[in-house]
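Q:
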Amino acid sequence: MAKITMRDMLEAGVHFGHQTRYWNPKMAPYIFGHRNKIHIINLEKTLPLYIDAMNFIGRMAANRGTILFVGTKRAAQDAVRSEALRCGMPYVDRRWLGGMLTNFRTVKESIVRLKKLDATLEDVAAVKMNKKEILTLQREQAKLERGLGGIKNMNGIPDVLFIIDVGYEKIAVREAVKLGIPVVAVVDTNHNPDGVDYIIAGNDDATRAIQLYLAGAADAVIEARESAATAALAQREGRDEENAEDQQGAQKADGEEQNAAGKNADTVEPDGVEKFDSQ
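Those letters in the sequence shown? Residues 1 to 279, per the UniProt record's numbering, in order.
Here it is as structure tokens:
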């Protein structure tokens, strides 16, 4: 994970909260003060929270966990999609469909339908349908792609949700809490942090701040997976070396036994044969 400093957060505007009149008292521990009726977030608290959250995401990714990136507000959509794709994780960037987690079986049926449409329309020339029928299927495909395109390769319930703006994605938080799925989320001064396991107190509106959070999460996933793969390879090579040494030892032992057996055979006199005496 690229090392993020307090200066990086300052330059991205992470410290700017919401207007003081909209604040949530539960965010008081993370607020430094206010300026021009805008709350200022204490980055001395945000930075370690952010690092803890990224370390958690990295650990889950190293154990082959699935992190679902969620950010459907306009300021977050592009970054959510691009960073999730960069690290190979599923994402929701348009609209959170109610029951996406709690009713995943039904959602899975829609995903199967989307994949079937993708396969059917992959080669339009080979499809034996008229233009009107093809257009109907293309419209259905586009609608499903908007809602489910980011999760169509997600085979089951995710292991972690990484959310930008818990107020905007409150349904996602509620479903995750109900299913016991850990939530990592950016929480601004106007929102309730309840239900969030790893709070990142920070600006959830500024594009640069959102990009910083998401890029950090994607980097954490990529680096954790690479480290896990390297460790697994080293462990495998170590086992191969041990097996080779064991095999060499066994072959050496077999050779020594064969040599010993040969020497014993040279000194044994066959039954019924008199020893020749030259005298």
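All C-beta atoms, glycine included, are put in the ideal place defined by N, C-alpha and C.
Does DSSP put Y91 in a helix, in a strand, or in coil?
A: Three-state result, Y91: strand.
Q: Please determine, among A232, E145, G88, L10, the residue with the shortest C-alpha to C-alpha distance to V107.
A: Measuring from the Cα of V107, the nearest candidate turns out to be E145.
Q: For A84, which of A215, R174, I199, E44 has the nearest alpha-carbon?
A: That would be A215, whose Cα lies nearest to the Cα of A84.
Q: Note down the Cα distance separating R208 from I157, rounded to an integer number of angstroms.
A: Roughly 30 angstroms separates the two Cα atoms.
Q: Considering only their Cβ atoms, is the gap separating I51 from residue 285 smaller than 8 angstroms?
A: In the structure as shown, the chain begins at 1 and stops at 279. Residue 285 is therefore absent and cannot be evaluated.
Q: Pick from Q247, I151, N203: whose alpha carbon is nearest that of T46?
A: It is N203.
Q: I need the DSSP call for I181, collapsed to helix, strand or coil.
A: Looking at I181 - three-state DSSP - the assignment turns out to be coil, as it is neither helix nor strand.
Q: Can you give the Cα-Cα distance for T20 and L114, rounded to whole angstroms?
A: Cα-Cα distance, rounded: 45 angstroms.
Q: Could you pull the DSSP bridge partners for H34 from this structure?
A: H34 is bridged to H39.
Q: Would A53 pass as an interface residue toward chain B - the criterion being a Cβ-Cβ separation below 8 angstroms?
A: Checking the listed chains, one finds no chain B in this structure; it contains a single protein chain.
Q: What do you reckon, are the CB atoms on L67 and A61 nearer than 8 angstroms?
A: Going by the sequence as given, residue 67 is Ile instead of Leu. Yes, Cβ-Cβ distance for I67 and A61 is below 8 angstroms.
Q: Would the beta-carbon of V80 fall within 8 angstroms of that of I4?
A: Result no, Cβ atoms of V80 and I4 do not sit closer than 8 angstroms.
Q: Here's the rule I'm using: 16 or more other beta-carbon atoms within 10 Å means buried, otherwise exposed. How should D188 be labelled?
A: Flag for D188 reads buried.
Q: Suppose contacts are defined by Cβ-Cβ distances below 8 angstroms. Is Y168 in contact with V186 by that definition?
A: No, they are not a contact pair.
Q: If I follow the unbroken beta strand (DSSP E) through I111, where does it start and stop?
A: Premise fails: I111 lies in the alpha helix (DSSP H), 104 to 121, not in any beta strand (DSSP E).
Q: Please state whether the Cβ-Cβ distance between V92 and F162 is less than 8 angstroms.
A: Cβ distance not < 8 angstroms, so V92 and F162 don't count as in contact.
Q: For G149, which three-state DSSP category applies?
A: Three-state result, G149: helix.
Q: Within 10 angstroms of the Cβ of Y22, are there 16 or more other Cβ atoms? Answer buried if so, exposed if not.
A: Exposed, because fewer than 16 other Cβ atoms sit within 10 Å of the Cβ of Y22.
Q: When the Cα atoms are used, what is the spatial distance from R59 to V183?
A: If I take the Cα positions, the gap works out to 14 angstroms.
Q: Counting beta carbon pairs with one atom in the stretch 97 to 111 and one in the stretch 147 to 155, are three or more of them shorter than 8 angstroms?
A: The answer is yes - the stretch 97 to 111 touches the stretch 147 to 155, with three or more Cβ pairs under 8 angstroms.
Q: In or out: D219 buried (at least 16 other Cβ within 10 Å) or exposed?
A: So D219 ends up on the buried side.
Q: Leaving out the 5 sequence neighbours to the left and right, which residues in its chain are closer than 7 angstroms to L179 when beta-carbon positions are compared?
A: Hits under 7 angstroms: L101, T102, I157.
Q: I believe V97 touches L117 by the beta-carbon criterion, under 8 angstroms. Please report the beta-carbon distance rounded to the nearest angstrom.
A: The residue you asked about is not Val; residue 97 is Leu in the sequence shown. At roughly 17 angstroms, the Cβ-Cβ gap does not stay under 8 angstroms, so L97 and L117 are not in contact.
Q: Can you give the Cα-Cα distance for L10 and I38, rounded to whole angstroms?
A: Each residue's alpha carbon lies about 15 angstroms from the other.
Q: Quick check on G13: does DSSP put it in helix, strand or coil?
A: Coil, per DSSP.
Q: Between the C-alpha atoms of A53 and I31, what's the straight-line distance to the nearest angstrom?
A: Using only the alpha carbons, I get a separation of about 19 angstroms.
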